[in-house]
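Asker: Shown below is the structure under consideration.
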Amino acid sequence: MMPNLTQLESDEIDYDPNNLLDTLIKQLHLKNDAALSRALEVAPPVISKIRHRRLPVGASLLIRMHEISDVSIKDLRALMGDRRAKFRISDKQFKPKDAA
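In full-length UniProt numbering, the protein residues as written are 1 to 100.
Next up, the structure:
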């Protein structure tokens, strides 16, 4: 069953990666986004792109956040508003590309 448009809009409104980033900065006693990028071992533009919602928080970054903060993945996801119970991998990822 496909979710209706208002549910999708609601999910997008609830998603706030800034809350996640701000909480990590506070918990790790860091000064700013640049310090967070160094702690996470990512380039500073990655944090900026996440803040401006041009880049999603990927699985590897979420794992790195867990490693440096000891906050569970579930709690990290909750901090950014991700309330999905399960992640689903698209079946398209396993299909070979058509030769054109």
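Every residue, glycine too, gets a C-beta built ideally from N, C-alpha and C.
Is DSSP giving M80 helix, strand or coil here?
Answerer: DSSP places M80 in the coil class of the three-state scheme, outside both helix and strand.
Asker: Can you name the start and end residues of the alpha helix (DSSP H) that P17 belongs to?
Answerer: P17 to Q27
Asker: Compare the C-alpha of Y15 against each of N32, K31, H52 and A39 and name the closest.
Answerer: H52
Asker: Reducing DSSP to helix, strand and coil, say where E67 ends up.
Answerer: DSSP places E67 within a helical segment (H, G or I) once states are collapsed to three.
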